[in-house]
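Colleague: This structure is in structure tokens; I'll ask about it shortly.
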């Protein structure tokens, strides 16, 4: 099986900051808005180099979304930045009415998503945001896996006409995708090919899926790992192609099982090719305060859990 090398742990939010800084140089229509978290969102370089295109809104997230929607009318491409919980749950009405319903070209960029926000605890660890955003008509939903992919996605969404939700995280994680990659919205990436089980992963759990595939390979189990970075529109063609071959699937995400990637995959299979599926996700629960690695272990969001689910779903094949 193909082995991926971790070139060094780095946070995905820094990938967003790097991508935004590059857009600042290449696209004069790109503007950035932040809700008093410039450092946390790694927006400092854009702010320092383009102060006339950076707007510090303060702790007023709903106002930030409204301002961003208005800016699109004048042809600007606004990127909003705050924590995922504040980017979605706190301002859902404004996103629904002023951005999604109106089809405004706003890029909602959200850091500190999922359990790996860590010690700030359940009030900040949103695990429902992918579901909230994918249900909005016309909203593109992206959840990147490492620094390089986050940077590439940030640059790519500036060229996409329409609202986008871009989700990334706080902790330093493995950086393993190509530095020179071209990010294609809605196109899954098959990382390893296999015949026994499909592992479909998103965000931070993509690396864990690759680690699980190595564990399974040592047991003689051939796993195909598919990186679904775009939750919506979902690459159903890639999913069905893989599952038709392996005849079973495990989905893995740092998100609530209800409303996330796993449910989207299950719907696709139910409509086109029913097959056994196991889920690696949180189960109808909030998070809690703790170190990210400890939380992922406690809630079963790691390579060990993915490997165990893969062995279980293989037994369910006819």
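In UniProt numbering, the protein residues as written are 1 to 318. Even for Gly, the Cβ is constructed at its ideal location relative to N, Cα and C.
1) Using the DSSP secondary-structure output, state which residues sit across from residue 320 in a beta bridge.
2) With a CB to CB cut of under 6 Å and the five nearest residues on each side skipped, what residues in its chain are close to residue 279?
3) Assign residue 176 to one of three DSSP states: helix, strand, or coil.
4) Give me the Cβ distance between residue 77 and residue 30, rounded to the nearest whole Å; I'm assuming they're in contact under 8 Å.
5) Going by beta-carbon coordinates alone, are residue 174 and residue 146 separated by less than 8 Å?
6) Measuring straight from C-alpha to C-alpha, what distance separates residue 23 and residue 85?
7) Counting Cβ pairs closer than 8 Å, one from the stretch 175-186 and one from the stretch 211-226, do we hit at least three?
8) Is it true that the CB of residue 151 sits closer than 8 Å to the CB of residue 19?
9) Taking the beta carbon of residue 149 as the centre, do at least 16 other beta carbons fall within 10 Å, making it buried, or is it exposed?
10) Determine, using beta-carbon pairs with one atom in the stretch 118-128 and one in the stretch 62-81, whether at least three such pairs fall under 8 Å.
11) On the three-pair Cβ rule with 8 Å, is the stretch 205-215 touching the stretch 235-245?
12) Residues in its own chain within less than 8 Å of residue 123 by CB, not counting five upstream and five downstream?
13) I'd like the list of long-range same chain contacts for residue 134, defined as Cβ closer than 6 Å, with 5 residues on each side in sequence excluded.
Modeller: Reading from the atomic positions:
1) Since the first and last residues shown for the chain are 1 and 318, residue 320 lies out of range.
2) Translated into positions along the chain shown, residue 279 becomes position 279. Contacts found: 251, 257, 262.
3) By one-based count along the chain shown, residue 176 stands at place 176. Taken through DSSP and simplified to helix, strand or coil, residue 176 comes out as coil.
4) Locating residue 77 in the chain shown gives position 77, counting from the first residue. Locating residue 30 in the chain shown gives position 30, counting from the first residue. Correct: roughly 5 Å between the Cβ atoms.
5) In the chain shown, residue 174 corresponds to position 174, counting from 1. In the chain shown, residue 146 corresponds to position 146, counting from 1. The answer is yes: Cβ separation under 8 Å.
6) Along the chain shown, one-based indexing puts residue 23 at 23. Along the chain shown, one-based indexing puts residue 85 at 85. Taken atom to atom, the span from the alpha-carbon of residue 23 to that of residue 85 is near 25 Å.
7) Note that the stretch 175-186 does not touch the stretch 211-226; fewer than 3 beta-carbon pairs, one per stretch, sit closer than 8 Å.
8) Reading the chain shown from its first residue, position 19 is the one you call residue 19. Reading the chain shown from its first residue, position 151 is the one you call residue 151. Yes.
9) Taking the chain shown and counting its residues from 1, the one referred to as residue 149 is at position 149. Residue 149 is buried by the Cβ-count criterion.
10) Under the 8 Å Cβ criterion, the stretch 118-128 does not count as touching the stretch 62-81, having fewer than three qualifying pairs.
11) In this structure the stretch 205-215 does not touch the stretch 235-245; the number of beta carbon pairs closer than 8 Å is below three.
12) Here residue 123 refers to the residue found at position 123 when the chain shown is read from its first residue. Residues 85 of the same chain have their beta carbon placed closer than 8 Å to that of residue 123, with the five preceding and five following residues left out of the count.
13) Within the chain shown, residue 134 is the residue found at index 134, counting from 1. Once the five neighbours on either side are set aside, the close Cβ partners of residue 134 are 141, 231, 232.
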